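Peer 1:
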Amino acid sequence: TMSPPQRRHWRTGARPKTSSAISKRKQKKRPQRTELPVQSEPPSTGSEEEATTQTRGRARQRTLRDARRGGPVSGHEASKGIVGSADSRRGAAGQSSDRVSGKGSKASGAKSSASVPVDFDELAANLKRKLLTVIANYEHRQKELHHSPGAKAFLDVALTGELTKYHVDPGLFPILSKAVLIEAEQYYTLKSLFEVATGLHERETKLKEERAHETHAPSAATAKEDDAGAAGSEDSPLTAVIDDISVAIACCNERRMSLLVSEKWFRSFHIATTILPELPEVSLPILPGEKGDKHDTDEEETSEELPDTSEDPLEAVLIVKKTLEQWESRIPHLITSVEALWWRPPRDPDEAIRQRERTAAMFKAASGAIVRRFLRLALQEWNVEEGIRHSTDPSAKEKLQLARDLLASYIAEKEAQEWEGSSIFAASILATAKANVRNPSTRWDPLPSNDHAPDVRAAAHRYRQMSS
1 TMSPPQRRHW
11 RTGARPKTSS
21 AISKRKQKKR
31 PQRTELPVQS
41 EPPSTGSEEE
51 ATTQTRGRAR
61 QRTLRDARRG
71 GPVSGHEASK
81 GIVGSADSRR
91 GAAGQSSDRV
101 SGKGSKASGA
111 KSSASVPVDF
121 DELAANLKRK
131 LLTVIANYEH
141 RQKELHHSPG
151 AKAFLDVALT
161 GELTKYHVDP
171 GLFPILSKAV
181 LIEAEQYYTL
191 KSLFEVATGL
201 HERETKLKEE
211 RAHETHAPSA
221 ATAKEDDAGA
231 AGSEDSPLTA
241 VIDDISVAIA
251 CCNERRMSLL
261 VSEKWFRSFH
271 IATTILPELP
281 EVSLPILPGE
291 KGDKHDTDEE
301 ETSEELPDTS
311 EDPLEAVLIV
321 KKTLEQWESR
331 IPHLITSVEA
341 LWWRPPRDPD
351 EAIRQRERTA
361 AMFKAASGAI
371 VRRFLRLALQ
381 EWNVEEGIRH
391 STDPSAKEKL
401 QLARDLLASY
411 IAEKEAQEWE
421 GSSIFAASIL
431 ATAKANVRNP
441 STRWDPLPSN
451 DHAPDVRAAA
461 HRYRQMSS
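Residue numbers for the sequence shown follow full-length UniProt numbering, so the first one is 1 and each next one is one higher.
In structure tokens, the structure reads:
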């Protein structure tokens with residue numbers, strides 16, 4: 001049963017009163033919803049309470065529903081009920097207006113600000129200053145090297161590649177090694193600078209081509225190619241810097257290769273005269289029509305004697321080849337002995353590996369050169385072409401041709417061996433220069449004691465014994 005006030009409220013449609021304590025408990029159980037205030041206008045206080053007091057029950061729900069749908073509620077009251085939605089619409093409208101006007105949103109602005117334009121002229125000026133600094137340091141190191149007694153005169157001869165037995169004093173070898181390393185370090189530095197400059201120039205050319213396409217937008221494909229070619233061929237400060245670096249590289253490389261040839265010859269000379277055993281005495285058969293011994297009787301007697309070879313020219317060439325290969329097979333043992341006696345490894349293990357690599361390469365090049373010279377002289381004195389021309393026996397003529405071809409291939413093999421040893425030596429020097437440039441604190445430099453060249457130290461020891 002309802003009390004009289006409750007029946008009155010039910011008839012009039014008014015909302016019955018409920019306990020305030022229960023409503024408070026229900027409000028505490030509800031999760032609180034917080035909404036960030038919009039910066040464009042201060043948050044309104046008490047607007048929701050005003051709407052609640054004005055409309056209660058189903059009338060209030062219809063008001064909020066109509067406000068969300070844009071119904072018959074007045075604009076002022078609807079905006080009061082859905083402040084967040086209105087702010088969202090204002091934000092979306094602002095973004096769309098920004099896109100239309102070309103200003104862009106904050107995110108797009110951040111992305112565009114990341115692509116900062118590059119000042120290639122300033123980069124070219126920096127590279128030019130770097131090039132001048134590198135050249136100045138190089139010239140300063142050269143002047144310091146020339147202060148050593150007799151260094152400049154010796155290096156002038158070494159640059160011509162015409163060292164002789166009068167320039168093989170082991171005391172001069174550290175100067176030559178130092179000069180070679182200076183040139184190698186300068187060459188590596190200039191090459192690195194050249195790669196940076198060319199990379200920047202390619203980037204500059206690409207940007208010019210893109211601007212040319214965007215600005216002119218030619219319709220025909222040929223017009224596009226013409227514009228791209230014109231954009232890429234324009235001179236710029238980077239082009240001038242690249243030309244200067246190229247000239248410096250060419251001059252440095254010429255000096256580097258000349259000094260490398262001299263250092264290789266210096267070490268090969270001492271290896272051949274001090275360490276390697278003499279070549280065995282081998283000879284090719286006398287061809288029909290030849291008279292006398294084709295070898296000079298004034299030559300020094302060798303340590304090994306071989307029986308006379310057969311008159312068969314092909315068999316004779318095979319015997320010569322086998323004998324010389326046996327002589328070369330002793331070289332690895334000689335390298336081990338020389339290093340054990342005269343090599344002092346550096347602290348850097350990587351540099352120690354490179355020094356051993358250079359020593360083995362020099363023995364390889366020296367032995368290849370010795371055998372090559374011997375075979376060339378033997379082929380020249382044998383005069384096999386003349387024998388082929390005057391031979392009337394087809395079988396003998398064929399054997400002479402086979403012997404000639406075999407000897408020529410063996411000479412080519414020794415030339416390749418000499419070239420390979422020289423190439424390994426040059427690459428190892430460049431690797432040391434690269435390590436010095438990249439790690440100046442742990443750089444390696446040749447010592448006056450020639451610790452890095454055991455063959456030169458062995459020669460110096462022998463000269464001291466001969467002079468004492």
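We put the beta carbon where it would ideally sit given N, CA and C, even for glycine. Bear in mind the structure is a predicted one, so any value in this text is a computation, not a measurement.
1. At the level of alpha carbons, what is the spacing between Ile-319 and Glu-415?
2. With DSSP as the reference, label Gly-91 as helix, strand or coil.
3. DSSP three-state label for Glu-357, please.
4. How big is the Cα-Cα spacing for Ser-123 and Leu-324?
5. Return the chain-ordered list of same chain residues with a C-beta closer than 7 angstroms to the C-beta of Gly-421, the five sequence neighbours on each side being excluded.
6. To the nearest whole angstrom, what separates the beta carbons of Ile-245 and Leu-190, a pair I think is in contact under 8 angstroms?
7. Straight-line CA distance for Leu-447 to Pro-345?
8. With DSSP as the reference, label Gly-199 as helix, strand or coil.
9. Assuming Tyr-187 and Ile-249 make a contact with CB atoms under 8 angstroms, what is their CB distance in whole Å?
10. Going by CA-CA distance only, name the one from Ala-403, Thr-392, Pro-394, Arg-372 that's closest to Asn-383.
11. Using CA atoms only, rank isn't needed, just tell me which of His-147, Thr-274, Leu-284, Ala-125 is closest to Leu-400.
12. Alpha carbon to alpha carbon, how far is Gly-232 from Phe-173?
13. Please report how far the alpha carbon of Ala-151 lies from the alpha carbon of Leu-145, in whole angstroms.
14. According to DSSP, is Trp-382 helix, strand or coil?
15. Do the region 150 to 167 and the region 207 to 214 touch if we need at least three Cβ pairs shorter than 8 angstroms?
16. Expressed to the nearest angstrom, what Euclidean distance is found between the alpha-carbon atoms of Phe-120 and Val-168?
17. On the criterion of 16 or more Cβ atoms from any shown chain inside 10 Å, does Cys-252 qualify as buried, or is it exposed?
18. Less than 7 angstroms between C-beta atoms, sequence neighbours within five positions excluded: which residues of the same chain meet that for Glu-204?
19. Spatial neighbours of Thr-432 within its chain, please: CB distance less than 8 angstroms, with the 5 preceding and 5 following residues excluded, ordered by chain position.
20. My parser needs the alpha helix (DSSP H) runs of 4 or more residues fully inside the region 130 to 160; what are they?
21. Counting only the same chain and skipping the five closest in sequence on each side, list residues whose C-beta sits under 6 angstroms from that of Lys-321.
22. Are Val-456 and Pro-170 closer than 7 angstroms when you measure CB to CB?
23. To the nearest angstrom, how far is it from the Cα of His-333 to the Cα of Ala-340?
24. When you compare only the Cα positions, how much space is there between Thr-273 and Pro-454?
25. Could you give the residue range of the alpha helix (DSSP H) that holds Val-247?
26. Straight-line CA distance for Pro-440 to Ile-335?
27. Who are the near neighbours of Arg-267 in its chain, counting only those whose CB is closer than 7 angstroms to its CB and skipping five residues on each side?
28. Closest to Gln-142 by C-alpha separation, out of Ala-179, Thr-164, Glu-162, would be which residue?
Peer 2: This is what the structure holds:
1. Rounded to whole angstroms, Ile-319 and Glu-415 show a C-alpha spacing of 20 angstroms.
2. For Gly-91, the predicted structure reports a pLDDT of 44, less than 50, and the residue's modelled location is therefore unreliable. A value from the coordinates is still provided. If DSSP states are grouped into helix, strand and coil, Gly-91 belongs with the helices.
3. Here Glu-357 sits in helix by DSSP.
4. Contrary to the premise, residue 123 reads as Leu rather than Ser in this sequence. Each residue's Cα considered, the two are about 59 angstroms apart.
5. The residues are Ala-361, Met-362, Lys-364, Ala-365, Gly-368.
6. Separation of the CB atoms of Ile-245 and Leu-190 is rounded to 6 angstroms, and the pair is thereby assigned contact status at 8 angstroms.
7. Taking the straight line joining both Cα atoms gives about 12 angstroms.
8. In the structure shown, Gly-199 sits in a helix (DSSP, three-state: H, G or I).
9. 7 angstroms between Cβ atoms; contact.
10. Nearest option by C-alpha distance: Ala-403.
11. The shortest C-alpha separation from Leu-400 is found at Leu-284.
12. Reliability of the predicted coordinates at Gly-232 is poor, the pLDDT of 45 falling under 50, and no value is obtained from them.
13. Roughly 7 angstroms between the two C-alpha positions.
14. Note: Trp-382 maps to helix in three-state DSSP.
15. No, the region 150 to 167 does not touch the region 207 to 214.
16. Each residue's Cα considered, the two are about 51 angstroms apart.
17. Label assigned to Cys-252: buried.
18. The residues are Phe-120, Ser-236, Leu-238.
19. Excluding residues within five positions, the ones whose Cβ falls inside 8 angstroms are Leu-181, Ala-184, Glu-351, Arg-354, Trp-444.
20. The qualifying runs are 151 to 160.
21. Excluding residues within five positions, the ones whose Cβ falls inside 6 angstroms are Tyr-410.
22. With respect to the 7 angstroms criterion, Val-456 and Pro-170 are classified as neighbours on the basis of their beta carbons.
23. Their backbone Cα atoms lie some 11 angstroms apart in a straight line.
24. If I take the Cα positions, the gap works out to 14 angstroms.
25. Annotation for Val-247: the continuous alpha helix (DSSP H) segment containing it runs 237 to 270.
26. Straight-line Cα distance between these residues: approximately 31 angstroms.
27. These residues qualify, in order along the chain: Met-362, Ala-453, Asp-455, Val-456.
28. Among Ala-179, Thr-164, Glu-162, the Cα nearest to that of Gln-142 is on Ala-179.
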